[in-house]
Amino acid sequence: MLDIDIKLQRAEFQLSIATTIGAGVTAVFGASGSGKTSLLKSIAGLVTVQGDISFMGETWHSDLQQMPAYRRPIGMLFQDDRLFAHLNVLGNLNFALSRASNRTLEKIVSLESVVDTFDLATLLERSIGNLSGGERRRVAMARTLLTQPQLLLLDEPLSGLDEARKREVLPYLYALSNEFQIPTLYVSHQLEEVTQLCQNMLVIADGNLCFHGSTHAGVNHVEAQLNDLMSTDLSFLTGNVIGKEETYHLTLLSVAGQMVQIPQSQYRDLQPGDQVTLNLKPSDVALASDRPKGISIRNVLHGVIEDITTTQSFADVTLAIGTQTLRSRITLAACKELKLVPGMTAYALLKSSSLG
Amino acid sequence: MELTAIWLTLKLASITTLILLFLGTPLAWWLAHSTSKLRPAVEAVTAMPLVMPPTVIGFYLLLLFSPENPFGQFWLQITGNTLTFSFSGLVVASLIYSLPFMVQPLMNTFAQVGKGPIEVAYTLGAKPWDAFANVILPLSLRGYITASVLTFAHTIGEFGVVLMVGGNIPGETRLVSIAIYEEVETLNYAQAHLLSGILVAFSFLVLLLVYSTNRRAAMRVL
């Protein structure tokens, strides 16, 4: 769908990327300054690059011809929402809508539909200066969609927001990238965002592409790299939705053939068959040597201990659950008392409140 | 009698400001955003009229306007008039000595507005002119007001360059500042007082207007 083979010289690094990006939401993951934003700007036509970019068979950039940025059917969401301060909310939306004909003939996304999706009805006459951080992002997302994009480029849309604002914006972001069925590139350096919103993943380091595949595989790739650097690393368990439990608002997952119940997501309506990745802190995973009874924890996964590393007071235990791995941090005293050793079967207890 | 001088001065200042708005905009944009190695040199040349004695500018312009010079000759051929001691010559001279008063405030404004808004405008489907007219221009409005007012006022106040290239021809090159000089030379202090008083009041009002609308941009120049 989007074929890229580009080179771009920057002061700090050389961006050199060749790949093909398909439908769905693809994360562009990497550390700050690794070239993620440069990649997006190259696709948008905002920086001059060498090489080829084509989208659905149409050449956007080659060394012979370049399509100007305003003609490429992209919707770009910038890190700092970049709303026009001299226009009010409606003015910002109309700016995009009235120019959509410069790049596409059919208008699929209407003003009414974005006002509805992003809850903007009461904000339309507001000036930009009178919007909260979360409201600004919603207006920017709506404006981006009104350009009638065939490709969305989202540059760290949650950056600069505090946790509360993030929670406010996330459902809208999910709607933006999933409801409208537009292929999306999502730049982020937050693994949690990536696992929640993206199906595929590009990993960039120092301007080079070092991984392109499913988010699950990508997370493992990144995790393996980060392992050496961080000790408080998360474990990622991937499961498939097998059903819902309406009374207590739970979603039922199958992780390596074992059932896990998680609270129903506020922002995603998960359907059976959907893939979900759980991010687990080692400190949220307890261990037992036998299947426990009479406790509040409902999610118990059995696995085989692969490795135990100990510090003065803690033990980091790696557990194989099927083909996946789960890490648990328990006290060294508990580890000794349970007589945990590699090769033995243990039961991992997952606190449901950590599974949101 | 002196009304002619006042009218001529206002006409020169208006024409100069108008032309510099068109010439200064692309130059200021380039200076604000270019990464070219030439940029500091161009910026320095643009700011030269701020620091050079007006007589130096006037002297070189006089040589440039002379029919002996290719430029002066070219002008004579296409218009039939010389640039020296003519209103057209004053306009060309004003464009040069008032250039920094237009370019510097615009450059500061463009740098402050940044490339962000125009990049967004492109990604929202706006063509370059559309993006400039409907995004950059309204966001830079205060800078444009400052630049125009300063350019207008500075053109009205210039004396040295005008005297060198324009002389003192009533209705053609005799501006208010020249008229004041002449009145003083002929000991006609009453007229000199009147015209000087008008310029003092005008200058104060202009600066009051600039400082009350956009303090920062003005301070970079003055």
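Protein chains in written order, with my numbering: chain A, 20 to 375; chain B, 219 to 440.
Note that CB positions come from ideal geometry on N, CA and C, so glycine has one too.
Quantities reported herein were computed from a predicted structural model and do not represent experimental measurements.
Residues of chain B with a Cβ closer than 8 Å to the Cβ of R162 of chain A are, in chain order, L342. P271 of chain B is not a Cβ neighbour of L317 of chain B, given a cutoff of 8 Å. Taking a contact as a CB-CB distance under 8 Å, the pair L226 of chain B and R392 of chain B counts as one, their CB atoms being some 7 Å apart.
Boundaries cannot be given for R145 of chain A, as no alpha helix (DSSP H) includes it and DSSP labels it neither H nor E. Annotation: L405 of chain B has no Cβ neighbours in chain A at a cutoff of 7 Å; minimum Cβ distance is about 55 Å.
At a cut-off of 8 Å between beta-carbon atoms, E400 of chain B makes no contact with chain A. Under the Cβ criterion of 8 Å, P288 of chain B is not counted among the residues facing chain A. Under a 10 Å Cβ-count criterion, N318 of chain A is classified as buried, with 16 or more other Cβ atoms of the shown protein chains found around its own Cβ. Counting only Cβ-Cβ distances below 8 Å, L65 of chain A has contacts in chain B at E337, Y340 and T341, in chain order. If you draw a straight line from the Cα of L139 of chain A to the Cα of G153 of chain A, it comes to about 12 Å. In summary, K358 of chain A is exposed, with fewer than 16 beta-carbon neighbours lying within 10 Å of its beta-carbon over all protein chains present.
If you draw a straight line from the Cα of L59 of chain A to the Cα of E264 of chain A, it is about 41 Å long. When CB distances to chain B are screened at a threshold of 7 Å, the residues of the segment 114 to 135 of chain A falling below it are F114, A115, R118, A119, N121 and R122, in chain order.
Going by DSSP, F230 of chain A is part of the beta strand (DSSP E) stretching over N227 to S233. Residue burial annotation: W79 of chain A is buried, with at least 16 other C-beta atoms found within 10 angstroms of its C-beta. When only Cα atoms are considered, G41 of chain A and V274 of chain A end up about 27 Å apart.
The beta carbon of T297 of chain B sits closer than 8 Å to those of S306, all from its chain and outside the five residues before and after it, given in chain order. If you check the CB distance, A311 of chain B and V379 of chain B come in under 8 Å.
If you look at L279 of chain B, you'll find it in the alpha helix (DSSP H) that goes P272 to F283. In the three-state scheme derived from DSSP, where H, G and I count as helix and E and B as strand, R348 of chain A is classed as strand. Residue contact check for P356 of chain B against chain A: a CB pair falls below 8 Å.
Rounded to the nearest whole angstrom, the CA to CA distance from F289 of chain B to H411 of chain B is 39 Å.
Taking a 10 Å sphere around the C-beta of N149 of chain A, we find fewer than 16 other C-beta atoms and assign the residue as exposed.
Comparing alpha carbon positions, the residue from A:I223, A:E325, A:V222 and A:S207 closest to L216 of chain A is A:S207. Residue contact check for G361 of chain B against chain A: no CB pair falls below 8 Å.
Assignment of beta-bridge partners to D138 of chain A by DSSP yields no partner. E77 of chain A is bridged by DSSP to A:F74. In this structure T39 of chain A does not touch M95 of chain A by the C-beta definition: roughly 20 Å separates them, more than the 8 Å allowed.
Rounded to the nearest whole angstrom, the CA to CA distance from W247 of chain B to S196 of chain A is 36 Å. For M95 of chain A, the neighbours in chain B by C-beta distance under 7 Å run, in chain order, T341.
Only residues of its own chain outside the window of five on either side were considered, and among them V323 and I324 have a CB closer than 8 Å to the CB of G362 of chain A, listed in chain order. Residue pairing by DSSP places E264 of chain A opposite A:L269 in a beta bridge. Within the segment 182 to 218 of chain A, the complete beta strand (DSSP E) segments of 3 residues or longer fall at 203 to 207, listed in chain order. Taking L34 of chain A as reference, the option from A:V222, A:V44 and A:S129 with the minimal CA-CA separation is A:V222. Under the Cβ criterion (8 Å, minimum of three pairs), the segment 65 to 75 of chain A does not count as touching the segment 228 to 237 of chain A. R101 of chain A has a beta carbon lying within less than 8 Å of a beta carbon in chain B.
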